[in-house]
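K.L.:
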Amino acid sequence: MVQSTNDRRRSGGLFLVLALVAGLVVPAAQPAVAAGTALSPARVIPAPVSVRPANGVTFELRPWSVLSYDPRLPRARQVADDFAAQLRPATGFPLPVVPAVPGLALPGISLQLGAGGQVGEEGYQLDIAADSVRIKANRAAGLYYGVQTVRQLLPAKVERTSVQPGPWTLPGGSVTDYPRYGYRSAVLDVARHFWTVPEVKKYIDDIARYKINYLHLHLTDDQGWRLAITGWPRLTEVGGSTGVGGERGGFFTQDDYRALVEYAGAHFMTVIPEIEGPAHANAARSSYAKLNCDGVAPPLFTDIYGSPNSTLCLGKEITYEFLDDVIRQVAALTPGPYLNVGGDEATDVPKDQYRSYLQRVQAIVAKYGKKLLGWQEVAGSTDPARTTAQIWFPEEVDQQAVADASKHGAKLVMSPVEHAYLDMKYDENNPAYPVGQFWAGYIEVRDAYDWEPETVVPGIDGKSVIGVSAPLFTELVFERPDIDILAFPRLPAIAEIGWSPAATHDWTSFRDRLAAQGPHWDLTGVGYYRSPQIAWPPRETR
Ligand code: ACM
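So for the sequence shown, the working numbering puts the first residue at 28; every next one is plus one.
#1: What first and last residue would you give for the beta strand (DSSP E) that runs through residue 492?
#2: I'd like the list of long-range same chain contacts for residue 549, defined as Cβ closer than 6 Å, with 5 residues on each side in sequence excluded.
#3: Determine, using beta-carbon pairs with one atom in the stretch 403-415 and one in the stretch 277-287, whether at least three such pairs fall under 8 Å.
#4: Just to confirm before moving on: does the CB-CB distance between residue 367 and residue 260 stay below 8 Å?
#5: Leaving aside the five residues before and after residue 396 along the sequence, list all residues of the same chain whose C-beta is less than 8 Å from its C-beta, in chain order.
#6: Have a look at residue 233 and residue 342 and give me their C-alpha separation to the nearest angstrom.
#7: Just reading off the beta strand (DSSP E) that residue 597 is part of, what are its end residues?
#8: Using a 10 Å radius around the Cβ and a threshold of 16 neighbouring Cβ atoms, would you call residue 543 buried or exposed?
#9: How far does the alpha helix (DSSP H) with residue 125 in it reach, from first residue to last?
#10: What residues in its chain sit with their C-beta under 8 Å from that of residue 56, if we drop five residues either side in the sequence?
#11: Which residues bound the alpha helix (DSSP H) around residue 226?
#12: First and last residue of the beta strand (DSSP E) that includes residue 92?
#13: Name the DSSP beta bridge partners of residue 154, please?
#14: Let's test the definition: count the other Cβ atoms within 10 Å of the Cβ of residue 316 and tell me whether it reaches 16, buried, or not, exposed.
#15: State yes or no: is the C-beta of residue 195 within less than 8 Å of the C-beta of residue 297?
#16: Any heavy atom of the ligand ACM closer than 7 Å to the CB of residue 216?
#17: CB of residue 371 to nearest heavy atom of the ligand ACM: below 7 Å?
#18: Count the other C-beta atoms from every protein chain shown that fall within 10 angstroms of the C-beta of residue 115, then say buried if there are 16 or more, exposed otherwise.
#19: Return the CA-CA distance between residue 458 and residue 554, expressed in angstroms with no decimal places.
#20: Please report the straight-line C-alpha distance between residue 305 and residue 350, rounded to a whole angstrom.
#21: Is the number of C-beta pairs between the stretch 434-448 and the stretch 491-499 that are closer than 8 Å three or more?
#22: Does the beta-carbon of residue 505, which I'm using as the reference point, lie nearer than 7 Å to any heavy atom of the ligand ACM?
#23: Would residue 476 pass as a contact of residue 455 if the rule is Cβ separation under 8 Å?
#24: Using C-beta distances below 6 Å, list every residue in its chain close to residue 373, excluding the 5 sequence neighbours before and after it, in chain order.
#25: For residue 269, does the count of other Cβ atoms within 10 angstroms reach 16, so buried, or fall short, so exposed?
#26: For residue 91, count neighbouring C-beta atoms within 10 Å of its own C-beta (all shown protein chains included) and say buried if the count is 16 or more, exposed if not.
#27: Starting from residue 115, trace the alpha helix (DSSP H) in both directions and tell me its first and last residue.
#28: My output table needs one value for residue 560: the three-state DSSP class, helix, strand or coil.
#29: My output table needs one value for residue 216: the three-state DSSP class, helix, strand or coil.
#30: Compare the beta carbon distance of residue 252 and residue 242 with 8 Å and say whether it is the shorter of the two.
#31: Which same chain residues, not among the five before or five after residue 206, have their C-beta less than 6 Å away from its C-beta?
#32: Going by the C-beta, is residue 259 closer than 7 Å to any heavy atom of the ligand ACM?
#33: Just tell me which of 385, 173 and 145 has its CA closest to the CA of residue 110.
#34: Roughly how many angstroms separate the alpha carbons of residue 202 and residue 72, rounded to a whole number?
#35: How should residue 103 be labelled, buried or exposed, when 16 other C-beta atoms within 10 angstroms of its C-beta is the threshold for buried?
#36: Using the three-state DSSP reduction, which class does residue 405 fall into: helix, strand or coil?
Structure below.
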């Protein structure tokens with residue numbers, strides 16, 4: 028009988044300013060101003076690195092405004108086109124997109140090359156003057172993130188799809204901004220319940236605004252196999268046919284997956300596929316008898332936790348041939364650097380077998396040109412120099428193994444259950460929001476916000492932390508609106524921890540900036556949780 032963490036889960040509970048800106052360059056003569064006036068960080072999540080308001084200065088987008096871009100910067104045109112397309116419906120302005128002409132100042136918004144080394148590949152410099160808005164960056168990603176900031180600074184009615192009265196103003200001033208971490212991910216579990224391509228695309232739309240740059244798709248688990256693999260049709264025909272409670276079966280064809288990769292890429296987000304093993308593999312085992320030690324395919328698993336047929340047959344060569352074929356195909360479909368191989372909760376696998384399994388899998392991942400990512404359990408069982416481990420359950424982590432691995436080059440991503448798991452309920456007694464789990468405790472918005480990635484695991488070198496992740500497992504997520512309720516507003520909290528300097532961390536400021544997101548969500552169909560911790564403005568109706 029599998030004695031897994033799942034059983035433990037079932038047994039219940041563990042349990043200025045944005046200141047802007049500390050470090051900010053607010054000149055003494057121009058004190059930072061209150062929320063809602065001048066260039067206030069009051070509306071921007073994640074908090075920028077620094078903001079310098081220009082009091083009394085306001086930019087207004089006009090019917091004759093132009094969006095210009097520097098054609099030397101690859102993809103700048105795409106960023107400009109997308110931004111113009113977002114602005115046109117509500118403003119009703121034509122907003123032509125044109126290449127910049129050296130020496131010619133066009134009225135409107137310009138996307139420019141060259142922001143100085145300090146902002147790196149994803150950062151930007153934003154200057155809002157009375158007659159122009161300039162976003163400068165070293166790469167198109169920085170332009171894209173500058174645009175996300177500007178979208179938050181515009182009146183929320185910009186989200187409407189019919190022409191609205193202006194004015195379309197932006198508060199004057201300058202922002203210098205770049206991420207604390209290069210890895211800011213959201214995990215979406217499409218295995219426990221399947222989410223269609225349009226459903227995932229909408230999630231990409233909504234999380235990209237918060238500068239999330241990796242979409243980690245949990246593609247396989249006990250309850251479902253969600254990606255078609257050539258030569259193994261039963262994985263999706265059988266393994267993809269159902270989900271928790273017998274609901275929401277389905278799978279991505281390889282073209283569907285390519286479409287998601289491309290859509291994410293257009294949002295400057297890299298897809299990370301996760302193929303689970305050696306545990307969480309009931310769906311694969313149900314699909315192919317030969318993947319089972321006894322040669323008998325077990326039934327499909329539609330319960331929530333604790334499949335007795337979770338673990339692959341580690342002693343059979345076919346298991347590794349299967350994984351080689353799957354990983355080869357998934358790697359070929361995935362332009363990003365990472366391939367996640369799971370590795371969590373293999374509690375019935377002896378340590379030495381677990382280790383040799385992972386070493387074989389790591390060799391396969393490397394053979395197909397990818398870097399191995401896995402859950403925290405992989406630390407100590409893989410080559411640390413080629414491993415990124417995602418810490419998910421700090422209470423159970425092998426601190427020594429993680430510290431040793433990080434000392435030998437392993438990178439760490441932080442998603443501690445008690446702060447970052449979006450599938451937990453917000454609180455115990457909220458009948459309006461019954462959705463979610465509670466095995467890791469209740470996570471209100473402030474709990475999602477108040478943590479520091481580099482102290483999650485004692486004894487590690489903070490430099491080994493490359494970022495954060497906001498996982499949304501979907502055992503108890505049955506409908507698409509529930510995704511929104513669970514992710515918003517907690518995902519923006521995790522996004523801020525991943526992007527903003529620790530010095531800007533301030534709950535009071537975050538709370539106010541979060542309130543300002545509400546109208547944007549109302550108008551873009553994001554059905555968020557109206558946490559009582561936040562002074563939300565009245566709902567906007569579409
Ligand atoms: C996990 O939640 N088992 C990674």
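Where is the CB? At the ideal position from N, CA and C, for every residue including glycine.
P.N.:
According to the structure data:
#1: Position 465 of the sequence shown, counting from 1, holds the residue named residue 492. Taken as a continuous stretch (DSSP letters only), the beta strand (DSSP E) holding residue 492 covers 492-499.
#2: Position 522 of the sequence shown, counting from 1, holds the residue named residue 549. Once the five neighbours on either side are set aside, the close Cβ partners of residue 549 are 566 and 567.
#3: no
#4: The residue labelled residue 367 in the question sits at position 340 within the sequence shown. The residue labelled residue 260 in the question sits at position 233 within the sequence shown. No, these two residues do not count as a Cβ contact at 8 Å.
#5: Within the sequence shown, numbered from 1, the residue matching residue 396 stands at position 369. 358.
#6: Taking the first residue of the sequence shown as position 1, residue 233 is located at position 206. Taking the first residue of the sequence shown as position 1, residue 342 is located at position 315. Rounded to whole angstroms, residue 233 to residue 342 spans 44 Å at the Cα level.
#7: The question about residue 597 has no answer, for the chain in this structure spans 28 to 569.
#8: Within the sequence shown, the letter at position 516 stands for residue 543. Buried, by the Cβ-count rule.
#9: Working through the sequence shown from its first residue, we reach residue 125 at position 98. Element bounds for residue 125: not the alpha helix (DSSP H) but the beta strand (DSSP E), 124-126.
#10: Counting from 1 along the sequence shown, the entry for residue 56 is found at position 29. The pLDDT assigned to residue 56 is 32, lower than 50, so where the model puts this residue is not dependable, and the model offers no usable value.
#11: Counted from its first residue, the sequence shown places residue 226 at position 199. First-last of the alpha helix (DSSP H) with residue 226: 224-235.
#12: If you number the sequence shown from 1, residue 92 lands on position 65. Residue 92 -> no beta strand (DSSP E), and no H or E assigned at all.
#13: Locating residue 154 in the sequence shown gives position 127, counting from the first residue. Looking at the DSSP assignment, residue 154 forms a beta bridge with 161 and 201.
#14: Within the sequence shown, the letter at position 289 stands for residue 316. Residue 316 comes out exposed.
#15: Here residue 195 refers to the residue found at position 168 when the sequence shown is read from its first residue. Here residue 297 refers to the residue found at position 270 when the sequence shown is read from its first residue. In this structure, residue 297 does not lie closer than 8 Å to residue 195 by Cβ.
#16: Locating residue 216 in the sequence shown gives position 189, counting from the first residue. Because no heavy atom of the ligand ACM lies under 7 Å away, the Cβ of residue 216 does not count as near it: no.
#17: Within the sequence shown, residue 371 is the residue found at index 344, counting from 1. For residue 371, the Cβ falls inside the 7 Å cut-off from some heavy atom of the ligand ACM.
#18: What you label residue 115 is simply residue 88 of the sequence shown in a count that begins at 1. Classification for residue 115: exposed.
#19: Stepping through the sequence shown from its first residue, residue 458 is reached at position 431. Stepping through the sequence shown from its first residue, residue 554 is reached at position 527. Looking at the two C-alpha atoms, the distance is approximately 16 Å.
#20: Your numbering for residue 305 matches position 278 in the sequence shown. Your numbering for residue 350 matches position 323 in the sequence shown. Answer to the nearest angstrom: the Cα atoms are 10 Å apart.
#21: Judged by Cβ distances under 8 Å, the stretch 434-448 makes contact with the stretch 491-499, as three or more pairs qualify.
#22: Position 478 of the sequence shown holds residue 505. It does not: the Cβ of residue 505 is nowhere closer than 7 Å to a heavy atom of the ligand ACM.
#23: On the sequence shown, position 449 is the one that residue 476 refers to. On the sequence shown, position 428 is the one that residue 455 refers to. No, these two residues do not count as a Cβ contact at 8 Å.
#24: The residue you call residue 373 lines up with position 346 of the sequence shown. Excluding sequence neighbours, residue 373 sits near 305, 306 and 381.
#25: Within the sequence shown, numbered from 1, the residue matching residue 269 stands at position 242. Buried.
#26: Taking the sequence shown and counting its residues from 1, one reaches residue 91 at position 64. Here residue 91 is exposed: its Cβ has fewer than 16 other Cβ atoms, across all protein chains shown, within 10 Å.
#27: One-based indexing of the sequence shown puts residue 115 at position 88. From DSSP, the alpha helix (DSSP H) with residue 115 extends over 103-118.
#28: Numbered from its first residue, the sequence shown carries residue 560 at position 533. It is coil, neither helix nor strand.
#29: Residue mapping note: residue 216 aligns to position 189 of the sequence shown, counting from 1. Residue 216 falls in the strand class under three-state DSSP.
#30: Your numbering for residue 252 matches position 225 in the sequence shown. Your numbering for residue 242 matches position 215 in the sequence shown. Not in contact: residue 252 and residue 242 (Cβ atoms no closer than 8 Å).
#31: Counting from one through the sequence shown, the residue named residue 206 turns up at place 179. Closer than 6 Å at the Cβ level, and outside the excluded window around residue 206, lie 149 and 526.
#32: What you label residue 259 is simply residue 232 of the sequence shown in a count that begins at 1. Not under cutoff, so the answer is no.
#33: The sequence position of residue 110 within the sequence shown is 83, counting from 1. Out of 385, 173 and 145, 173 has the C-alpha closest to the C-alpha of residue 110.
#34: The count along the sequence shown starts at 1 and reaches residue 202 at position 175. The count along the sequence shown starts at 1 and reaches residue 72 at position 45. In this structure, the alpha-carbon of residue 202 lies about 13 Å from that of residue 72.
#35: What you label residue 103 is simply residue 76 of the sequence shown in a count that begins at 1. That one is buried.
#36: Locating residue 405 in the sequence shown gives position 378, counting from the first residue. It is helical.
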